[in-house]
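Q:
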Amino acid sequence: METKNPTAKVLKDLHWLQTNNHFAVPPHTPGGGGLFISWKKDIDLQVRSSSHNFIDAIISYKGKTWQTTFVYGEPDQSKRYEAWKTLSSLKPASGDPWLLTGDFNEIIDNSEKCGGPERAEGTFCAFRGFLSENGLFDLKFSGRYLSWRGKRHSHLVLCRLDRTVSNSEWAEIFPSSRNQYLKFEGSDHRPLLTFLDTSRKKSAKIFRFDRRLNENEEIKKLITEIWESSPQLSVEGRLTLCRRAICTWSKKFHESSQKALEETKEKLEAALLNTNPDEELIHELNMKLLHLYKAEESFWQQRSRQLWLVLGDSNTGYFHAVAKGRSARNKFSVITDDRGVHVYEEEEISKVISAYYSKLFQSCPFDGQHTISEALQPCITKEQNEKLIMMPQAKEIKEATFAIHADKAPGPDGFSASFFQSNWEVVGPAVVKEIQIFFASGILAPSINKTHVRLIPKISGAQRVEDYRPIALCNIFYKIISKLLSIRLKTVLSSIISENQSAFVPGRAIADNVLITHESRQICQKPMTESNGTLFYKSYNDWDFIRSGLTGSCNVLLREVLSGLCKSAEKKGLLQGVRVARGSPRVSHLLFADDTMFFADDTMFFGLASPTNCETLVKILKDYERASGQMINKAKSSITFSSKTPPEVKEQVKLRLGITKEGGLGKYLGLPEHFGRKKKDLFTSIVDKIRQKAVSWSSKKLSRAGKLTMLKSVLSAIPTYTMSCFQLPVSLCKRIQSVLTRFWWDGTEDKKKISWVSWDRLTQPKAMGGLGLRDIQIFNQALLAKLAWRLVTAPESLLARVLLGKYCHGKHFLEVQSPQTCSHGWRGILFGRDLLTKNLGKAVGNGQTTRLWKDSWIVMDRMEKPMGPMKESDLDLIVSDLLTDDLQWNSKRINEVLPEYLEQILCIQPSRKGAEDSYIWHPTASGIYSTKSGYYAASISYTECVPLKTAVHIAADDSFKEVIVKFRSAVCLPPSGFTLNILPWIYWAIWLARNALIFEDRRFSPEDTALKGLRLAKEWLEAQGNKSGELLPSLRVQDTHRPPTSSVSQQIICHTDAAWKSDKKMAGLGWIFTGPSLATSSQGSMIHRFVNSPLIGEALAVRSALCMALTRDFTELQVCSDNKTLIRTISGESQSKEIIGIVSDIRVISSEFASISFSHIPISMNSVADGVAKEALLSSLFV
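All the letters of the sequence shown, read from the start, carry residue numbers 1197 to 2379 under the numbering used here.
#1: Pull up the distance between the alpha-carbon of LEU1623 and that of ILE1667, whole angstroms please.
#2: Taking the straight line between their C-alpha atoms, what separation do you get for ALA2147 and PRO1961?
#3: Ignoring anything shorter than 4 residues or poking outside the segment 1916-1945, list the alpha helix (DSSP H) runs there in chain order.
#4: By a C-beta neighbour count over all protein chains shown, 10 Å radius and 16 as the cutoff for buried, is TRP2216 buried or exposed?
#5: I'd like the ranges of any beta strand (DSSP E) spanning at least 3 consecutive residues and lying wholly in the segment 1212-1285.
#6: State the start and end residues of the unbroken alpha helix (DSSP H) segment that holds ARG2190.
#7: Taking GLU1595 as the reference, give the member of GLN1973, LYS1908, PRO1606 and PHE1616 with the closest Cα.
#8: Straight-line CA distance for HIS2251 to ILE2338?
#9: Which word fits ALA2350, buried or exposed, when buried means at least 16 other C-beta atoms lie within 10 angstroms of its C-beta?
#10: Out of ARG1276, ILE1692, LYS1591 and SER1927, state which residue places its alpha-carbon closest to the alpha-carbon of LEU1572.
#11: When the Cα atoms are used, what is the spatial distance from PHE1673 to ILE1442?
#12: Taking the DSSP output, what are the residues bridged to ARG1374?
#13: At a Cβ threshold of 8 Å, is ALA2350 touching chain D?
#14: Can you list, in chain order, the residues of its chain with a C-beta nearer than 6 Å to that of SER2346? Leave out the 5 residues immediately preceding and following it.
#15: At what residues does the beta strand (DSSP E) containing GLN1848 begin and finish?
#16: Quick one: what does DSSP say LEU1787 is sitting in, helix, strand or coil?
#17: Using the rule of at least 16 other Cβ atoms within 10 Å of the residue's Cβ for burial, across every protein chain shown, is PRO2229 buried or exposed?
#18: Classify ASP2113 as helix, strand or coil using the three-state DSSP reduction.
#19: What is the DSSP secondary structure of CYS2316, counted as helix, strand or coil?
#20: TRP1952: buried (16+ other C-beta within 10 angstroms of its C-beta) or exposed?
#21: Check for me: the alpha helix (DSSP H) holding GLN1580 runs from which residue to which?
#22: Touch check for the segment 2028-2036 and the segment 2129-2136: three-plus C-beta pairs under 8 Å?
#23: Near ILE1652, which residues of its chain fall below 7 Å by C-beta distance, leaving aside the five closest residues on each side in sequence?
#24: Assuming LEU1711 contacts GLY2021 (C-beta within less than 8 Å), just tell me the rounded distance between them.
#25: Does the beta-carbon of ASP1358 have 16 or more other beta-carbons within 10 angstroms, so that it is buried, or is it exposed?
#26: How about the segment 1704-1718 and the segment 1914-1922: do they share at least three Cβ pairs that are nearer than 8 Å?
#27: Around the C-beta of PRO1313, are 16 or more other C-beta atoms found within 10 angstroms, so that it is buried, or is it exposed?
#28: Tell me, please, which residues DSSP counts as bridged to TYR1864.
#29: Please list the terminal residues of the continuous beta strand (DSSP E) segment that includes LYS2257.
#30: Looking at MET2304 and ARG2285, is the spacing between their C-beta atoms short of 8 Å?
#31: Given a threshold of 16 other Cβ atoms within 10 Å of its Cβ, counted over all protein chains shown, does HIS2356 qualify as buried or as exposed?
#32: Which same chain residues, not among the five before or five after SER1690, have their C-beta less than 7 Å away from its C-beta?
#33: Here's a check: name, in chain order, each residue in its chain whose Cβ is nearer than 6 Å to the Cβ of MET1483, leaving out the five neighbours to either side.
#34: Can you find the residues in the same chain that come closer than 7 Å, C-beta to C-beta, to ARG1931, ignoring five residues on each side of it along the sequence?
#35: Could you check what DSSP says for CYS1575 in three-state terms: helix, strand or coil?
Structure follows, in structure tokens:
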């Protein structure tokens, strides 16, 4: 305990304890804080060290030994960093339990404080870093946790200064331990009581399929035998038999695996010490040991749930530490029920949880048919509906199965997706059959619908059930059905979901809601003539969605009822939204379905704080509650008013809505609602989060390659979401860079090391000698350029209409200047626009919106605008001025205006059907902007890669150079055992030989070095194993290896192809029509000049064939091409910038057929059309 009295007085006051075992640290200054501990006789406590901030001791009790540090935090804030550093030096060796308890004089965040002004996020970093660096977690606690009370100036402040933390090793030996905050008694601190409970209730183990078994041939054989021996059983029945057999086999295997590991290590040790070493035996033992270590790493990787780290690096210690830390954070030892009673026994905890959810998710009679009819209007066509409900085929079911992440947590049956993916040839037919039966009958077995619900703490120090987030773990069988439904719904979501919803709809993003909210919040801060308020943060809870585990698409459909009610009220004039500017649309609500099992969605409503608006909003929410069964969480709801709203209006609105909390300074969708002048303080939490992750105890166990993976996949990705919406201050980017630099260079011994290579060098691509890391500021600009790209290419979206209506008056977005007063979000978009305009071009359609001299439209792969002498009358020309009435190039006019560009312009293929011009991004083949291409465009500006001989430093004599030259020209054929490029391994062997020569004076011949390189390559190749579970090609690409068939007798099959001559820029186009309604096949061909690529030729062939089909009065057509890129572009799955106009024509022409489809076929099945195209090309060359 903390005391301000001398030791003698403390002992006198505590004489009633009757103990002779004590230790004291007297106050170092009069009135200062001291420390005093006492213990019972049957406890063995040995004090290791002490100071005025701590007493560190080793405690032994009932066979358990652990290190305990009794803490008195440094009151002087300027000295706290050194105090945390001193406490960190007391950290025991890895694997030893450690407990810290006492008055830390610090809090983790503002949620542990009540009263007084809020502290800046940066002031918590040192304490958070101390906890993360040492792998310390809070013990579960009960009672009022604000343990200290006092006055600061005129404020009464309550803080959680007292706490008990431990590492995961201590939590393992005391799994049911907990804290209890007692009542205030004569002190400004609450007493903190820690219960050390070693009891661990034994329960039946839950089966979890071990991913290590995926590549085990014995298990594969066992599964095959069981599956095929019981064809009369259902999938569930056969899974039960597999589970039993795997458990029996695993028990024997686990007992022998550790034994095999030790035996292999002993044999390897003996072989290495042998005076006559057997190289083959050593190699065999090394490979066996590598296989055993890899299996162990795979097991702990599955336990740790770290999906970002690629399996194969030696990071078993890291995985083990993460698994233990996760267990320590998520364990249950105490829960508080709705009456405030603390429950500690496992059976009682289960009752409290069950009672809470039974009450929350109780069913109610459905009374919403009228509401649904009012909110929704039929918008699905008959054809779309037939596709949505049609029977899924085997290929579709397989693709849905393989689209599920292989290592996601399994359901009650214990089998993850990796089991089904690895054994699909065996289990697939039965799974397909039962899923098809479900779609035919609509009946699902109750056992398949069973779900495990896992509670995960939402906040630090969770006490009540509502502080936990339920995660539904469904059976993989159920997940396959859900995935099928979501894939099908994706094709129609954009047409049936209103623009006010931005989740799970292709082409929309979470940034839309964030930026619109940001603009609306900005106008609330300005003086206004009328009062307005904003209501947001609505949470809805629905048990059906939690239980089923359906994906977000279904939840978006449910939210459309709420959106429809709001729009209906808007049309009637009962609900008036907020308009950020005169040119912008009114916005009354925004919906975003958060991807959690609670589906706790952030829903924001905007409107004037008038009685009519309030009454309408209350009615809408009540109608939605009756129709959906979901309730509003008013505890998470708040109202934000404009600065001029009168107090009496505020109270009236709060009373009508039943919401008392005011907002304005909080967060919406994880980002600040409003920015003031001190933006660095708002974003400091990002730096802190990266630092905590970087210095955590588990991260120190990573290998060098593991650190690089974590640096790229985790640490650099933490600020991505924020950077995709807002521009980070330059100083903040430098702080993030500093944290990443220290993580890379510093080791595990907590010492700051020299950065031998600059950060600029590390961010270069690997081919240029870097590590491929990201420059934070450039990456921020590349992400914001994607927002600018959306404003340019989708001006009809809600976000574009709001922003362009406010900031772009009479000027195009690409030309508008930044105003003196604008939102932080708009400044960030303009920052991204600066990058976008450096490589932004136009693809010519009808040429009516492309400026001749000011736009880049002639060359597709780089930024190039026409230059040359021009007449004054030609200054405002557009590209359509160079086209004829039938949208073909006017060579005469081009010769007059741009004679030096004649051939290049003639190679451009405009739209013959008058499609509009479109923007393209030069650095990508598709013409669509991507963050990756934007980043590289900004960072390296298409700098050519450094040649290999200058990127790799090699010190070798002439004979070694001969070996390099020999292997650079060598081709590795499959009979040699290699299918990879072996040159890097030869370089590595030469580097090792060079080091041996310089540092050990050992020489190796070129032959020995080459042999070593080959052996290293072989070992690496064998260590990779057979990778399973790779994702299949996209569902919508139509690949077929047999002649197309049709159930419609009138359908005509059209094969198209093109032959291209590069030096002549000429293409021969060919097509052939076949079908049962044709007496004989018919074909056609033509020559097309000024064709820049084979892809353009293939597209021209399809367009010409469609035009010919229309003249033949064909109504039903199936078009087949051997060019997959073209077929994917026509179907809308991808885009290619050089055929944008042609593809647009193809889609327009296709609409004139009663039925049409496009399929990709192998070249071997397209030989006739290929011959027609080649014959046309050859005939033109000989003319």
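Glycine included, C-beta positions come from ideal geometry on N, C-alpha and C.
A: To lay it out plainly:
#1: It is worth fixing the name first, because residue 1623 is Val in this sequence and not Leu. Whole-angstrom Cα-Cα distance: 27 Å.
#2: Summary for ALA2147: the model assigns pLDDT 35, below 50, so the residue's position carries little reliability, and this model does not support an answer.
#3: The DSSP assignment places 1916-1919 and 1926-1941 as complete runs of the alpha helix (DSSP H) inside the segment 1916-1945, in order along the chain (cut-off: 4 residues).
#4: By the 10 Å Cβ count, TRP2216 comes out exposed.
#5: Complete beta strand (DSSP E) runs here, min 3: 1218-1221, 1230-1234, 1240-1247, 1250-1257 and 1260-1268.
#6: Residues 2179-2196.
#7: When each option's Cα is compared against that of GLU1595, the closest is PHE1616.
#8: C-alpha separation (whole angstroms): 18 Å.
#9: By the neighbour-count definition (other C-beta atoms within 10 Å, threshold 16), ALA2350 is an exposed residue.
#10: Nearest neighbour of LEU1572 by Cα position, chosen from ARG1276, ILE1692, LYS1591 and SER1927, turns out to be ILE1692.
#11: One C-alpha to the other measures close to 19 Å.
#12: Paired residue(s): PHE1391.
#13: Checking the listed chains, one finds no chain D in this structure; it contains a single protein chain.
#14: Beyond the five residues adjoining it in sequence on each side, SER2346 comes within less than 6 Å, by CB distance, of ILE2352 in the same chain, given in chain order.
#15: Per DSSP, GLN1848 belongs to no beta strand (DSSP E); it is in the alpha helix (DSSP H), 1843-1853.
#16: DSSP places LEU1787 in strand when its eight states are reduced to three.
#17: Because the pLDDT at PRO2229 is just 32, under 50, the model does not fix this residue reliably, and the point stays unresolved.
#18: Residue state, collapsed to three classes: coil.
#19: Three-state result, CYS2316: strand.
#20: Around the CB of TRP1952, fewer than 16 other CB atoms lie within 10 Å, so the residue is classed as exposed.
#21: Segment 1578-1585, the alpha helix (DSSP H) holding GLN1580.
#22: At 8 Å Cβ cutoff, the stretches touch.
#23: Answer for ILE1652: ASN1526, TYR1664, ARG1665 and ILE1667, listed in chain order.
#24: Contact holds; Cβ gap of about 5 Å.
#25: By the neighbour-count criterion, in which 16 or more other beta carbons inside 10 Å mark a residue as buried, ASP1358 falls on the buried side.
#26: Yes, they touch.
#27: Here PRO1313 is exposed: its Cβ has fewer than 16 other Cβ atoms, across all protein chains shown, within 10 Å.
#28: Partner(s): LEU1867.
#29: Unbroken beta strand (DSSP E) run through LYS2257: 2248-2257.
#30: At the C-beta level, ARG2285 and MET2304 stay beyond 8 Å of one another.
#31: Answer is buried; the Cβ neighbour count reaches 16.
#32: Counting only Cβ-Cβ distances below 7 Å, and skipping sequence neighbours, we find VAL1701, PRO1702 and GLY1703.
#33: Excluding sequence positions up to five before and after MET1483, its CB lies less than 6 Å from no other CB in the same chain.
#34: Same-chain partners within the cutoff: VAL1883.
#35: In the displayed model, CYS1575 falls within coil according to three-state DSSP, outside both helix and strand.
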